[in-house]
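Step one of this worksheet: look at the structure below.
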């Protein structure tokens with residue numbers, strides 16, 4: 002069985018600084034990590050590898066530094082990796098990104114299963130996974146919380162949906178996006194790290210994956226980020242001062258009136274005596 | 228030593244209110260109850276104060292001390308109350324003097340690499356402010372998200388990075404102290420050398436608030452290392468894990484930390500945090516951190532240390548290189564004490580420290596004690612410093628009477644072994660406080676103990692400054 006896991010490098014969220022003027026993130030200020038939700042896709046793939054045996058390949062698209070996340074995936078137990086990197090890819094939106102990743106998967110050879118994280122913690126769109134399935138005409142299972150059974154040509158899985166869980170049977174090859182419930186992410190090992198340090202990871206550009214230049218990068222992206230706004234929270238704080246025991250009762254009355262006026266109190270409640 | 232004190236009369240209370248303002252005087256029982264205990268077990272050690280004061284500057288504290296001195300009222304200084312030896316408990320009632328409102332950073336001096344801050348700042352906040360300047364304070368007590376700088380100095384807090392960086396005291400260049408008589412004294416400064424008279428600053432570090440109250444400090448900063456990696460190394464037995472510790476130190480690499488966690492402490496912390504670590508067949512784990520400025524060097528050191536562990540029985544060597552993964556592991560380590568407390572609030576969290584070469588001898592002795600007294604003793608701690616937090620816990624089923632009989636007997640036997648046989652000490656970083664004072668007397672030679680007493684008397688002849696701590 003061949004599994005491809007798609008990962009993205011995102012800024013370390015504990016370390017993010019925002020530009021106060023533009024409201025955008027200062028990318029250079031923080032270090033990059035594997036998108037935390039992609040770790041669950043890696044875990045799901047490696048669990049299948051442990052149980053059934055599989056070759057797990059990992060792909061990322063990103064600048065030179067993105068190789069770090071691929072090495073980490075190998076240190077966790079993945080077998081090989083491909084790094085998609087080209088200036089022409091810069092500025093790709095989810096549509097263009099999914100096209101680029103789909104082209105890379107075609108070049109690598111369509112696997113039995115493609116796994117993605119639920120969404121990336123920076124863009125938060127959750128569009129790239131399903132869009133790849135669309136480019137490749139594969140069935141897509143989103144929000145996968147459990148892989149129950151793997152057969153030669155199909156998988157039985159559980160999806161986390163608003164009302165509960167939905168059990169689905171899907172024909173392979175397929176693409177699945179997974180949620181945190183799928184497993185507990187393993188830590189990379191030193192053995193794996195040594196392997197990662199020794200392995201050379203191929204870099205593919207737009208030409209290598211036979212990408213149509215009008216489909217990639219900022220030019221090829223049908224959507225634009227026009228403006229990012231930080232929502233303004235405006236609260237008027239009302240302070241009720243209590244100086245001593247005597248003013249307590251007055252303060253309680255004013256607090257009660259405040260809450261009551263705004264309909265925050267359960268009807269039928271009694272006024273403070 | 229005197230321990231007869233006067234109560235706080237209405238008149239004295241009014242004087243205190245005049246000094247700090249009425250909002251900084253707490254007397255109602257519900258609120259001052261919070262100041263009656265620290266992180267030691269409440270059932271065994273808590274005492275209520277008569278009044279809690281939350282002054283906002285050193286001058287107010289000096290005026291309070293003058294009143295306390297005049298009327299012979301005991302004063303107990305208090306930081307965040309995260310102490311583990313009962314140091315902040317007002318054993319004789321009186322005044323609790325909390326520095327919680329003195330929490331400002333006063334100056335960051337990049338030319339001299341120092342930060343000056345008030346005693347009530349949360350330790351972790353210092354580093355949050357320093358991060359963007361590429362600087363850091365190397366103190367890393369496990370309670371860093373809640374504990375205060377003043378408490379760290381008063382206890383000479385150790386923590387998770389002492390193998391490489393040493394303990395709090397190493398970084399304190401200067402401090403402002405209010406004496407028991409109400410004088411404000413400035414010790415040290417921004418200098419790195421000082422033999423001008425007795426080193427009073429070092430004397431205050433670790434004095435547990437018994438000689439005066441630290442109001443602010445100037446701390447030496449270091450350039451923040453930009454690379455750090457952790458190894459999490461499981462072993463089949465605790466003994467194998469601990470035996471590797473001296474070998475790691477012999478390699479010429481100075482890890483930032485070498486922490487030890489036995490299986491039951493790790494399990495309790497994982498349950499508490501809803502975390503899962505690979506524990507199949509694992510008896511104990513080492514958590515080893517390496518930091519520096521060059522990624523390639525750290526990678527080389529990781530391999531060197533990891534391979535050494537593998538040669539000596541490690542079942543696997545897990546690595547955590549980014550902040551998220553590192554925090555995942557460290558949070559397990561930091562939460563052990565709290566997790567054990569949730570399992571059983573009645574316990575004795577110990578802090579013994581031995582010369583590093585003797586550390587493999589501690590665990591077999593703990594197993595013997597555990598068998599002999601029928602008490603579980605999970606063990607974890609700063610193995611690289613020879614400092615272990617063996618924690619004897621009262622099984623929830625055991626009666627309090629039985630526990631009160633077992634606890635002192637078990638501790639006496641443990642301390643006699645640690646001090647007598649291994650030439651260690653009964654506390655490495657938590658302090659003596661209330662909890663260990665009788666044991667300290669038992670294991671300290673008379674000549675040394677007399678010096679302790681003379682010293683206290685010289686600084687605080689009325690015995691009003693945190694009385695009933697360290698000395699019996």
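Protein chains in written order, with our numbering: chain A, 2 to 274; chain B, 228 to 699.
Glycine included, C-beta positions come from ideal geometry on N, C-alpha and C.
What does DSSP give as the partner residue(s) for residue i in the beta ladder?
| i | result |
| --- | --- |
| residue 246 of chain B | Beta-bridge pairing links residue 246 of chain B to no other residue. |
| residue 182 of chain B | Residue 182 of chain B cannot be examined here, being either before or after the span of chain B that is shown, 228 to 699. |
| residue 579 of chain B | B/615 |
| residue 308 of chain A | Only positions 2 to 274 of chain A appear in this structure, which leaves residue 308 of chain A out of reach. |
| residue 692 of chain B | B/302 |
| residue 145 of chain A | A/160, A/179 |
| residue 319 of chain B | Its beta-bridge partners do not exist; DSSP assigns none. |
| residue 486 of chain B | B/514 |
| residue 200 of chain B | The requested residue 200 of chain B is not part of the displayed model; chain B covers only 228 to 699. |
| residue 190 of chain A | B/545 |
| residue 445 of chain B | B/343, B/401 |
Taking all protein chains shown into account, do 16 or more other C-beta atoms lie within 10 angstroms of the C-beta of residue i, making it buried, or fewer, making it exposed?
| i | result |
| --- | --- |
| residue 724 of chain B | What is shown of chain B runs 228 to 699, which leaves residue 724 of chain B out entirely. |
| residue 474 of chain B | exposed |
| residue 51 of chain A | exposed |
| residue 579 of chain B | buried |
| residue 233 of chain B | exposed |
| residue 238 of chain A | exposed |
| residue 104 of chain A | buried |
| residue 257 of chain B | exposed |
| residue 244 of chain A | exposed |
| residue 504 of chain B | buried |
| residue 562 of chain B | buried |
| residue 241 of chain B | exposed |
| residue 522 of chain B | exposed |
| residue 72 of chain A | buried |
Can you look up residue i in the DSSP assignment and give me helix, strand or coil?
| i | result |
| --- | --- |
| residue 346 of chain B | coil |
| residue 497 of chain B | helix |
| residue 44 of chain A | helix |
| residue 274 of chain A | For residue 274 of chain A, the predicted structure reports a pLDDT of 46, less than 50, and the residue's modelled location is therefore unreliable. The matter cannot be settled from this model. |
| residue 238 of chain A | coil |
| residue 536 of chain B | helix |
| residue 364 of chain B | coil |
| residue 413 of chain B | strand |
| residue 519 of chain B | strand |
| residue 231 of chain B | coil |
| residue 636 of chain B | helix |
| residue 297 of chain B | helix |
| residue 603 of chain B | strand |
| residue 62 of chain A | strand |
| residue 433 of chain B | coil |
| residue 626 of chain B | coil |
| residue 402 of chain B | strand |
| residue 118 of chain A | strand |
Pull up the CB-CB distance for residue i and residue j, whole angstroms please, since I reckon it's below 8 Å.
| i | j | result |
| --- | --- | --- |
| residue 265 of chain B | residue 310 of chain B | 4 Å |
| residue 492 of chain B | residue 374 of chain B | About 20 Å; that fails the 8 Å criterion. |
| residue 466 of chain B | residue 587 of chain B | 7 Å |
| residue 33 of chain A | residue 11 of chain A | 7 Å |
| residue 516 of chain B | residue 482 of chain B | 6 Å |
| residue 404 of chain B | residue 439 of chain B | 4 Å |
Among the options, whose alpha-carbon lies nearest the alpha-carbon of residue i?
| i | options | result |
| --- | --- | --- |
| residue 564 of chain B | B/517, B/602, B/619 | B/619 |
| residue 689 of chain B | B/480, B/425, B/437 | B/437 |
| residue 540 of chain B | B/296, B/482, B/469, B/369 | B/469 |
| residue 611 of chain B | B/597, B/683, B/513 | B/513 |
| residue 86 of chain A | A/267, A/44, A/66 | A/66 |
| residue 35 of chain A | A/57, A/208, A/167, A/61 | A/61 |
| residue 551 of chain B | A/215, A/227, A/189, A/214 | A/189 |
| residue 238 of chain B | B/272, B/294, B/232 | B/294 |
| residue 143 of chain A | A/153, A/136, A/120, A/192 | A/120 |
| residue 454 of chain B | B/291, B/389, B/553 | B/553 |
| residue 248 of chain B | B/328, B/296, B/276, B/307 | B/328 |
| residue 100 of chain A | A/116, A/133, A/126 | A/133 |
| residue 577 of chain B | B/520, B/659, B/598, B/326 | B/659 |
| residue 125 of chain A | A/221, A/209, A/146, A/94 | A/94 |
| residue 227 of chain A | A/233, A/219, A/234 | A/219 |
| residue 229 of chain A | A/211, A/252, A/20 | A/20 |
Check whether the Cβ of residue i lies closer than 7 Å to any heavy atom of the ligand COA, and answer yes or no.
| i | result |
| --- | --- |
| residue 278 of chain B | The model on display carries no ligand, and the ligand COA is accordingly not part of it. |
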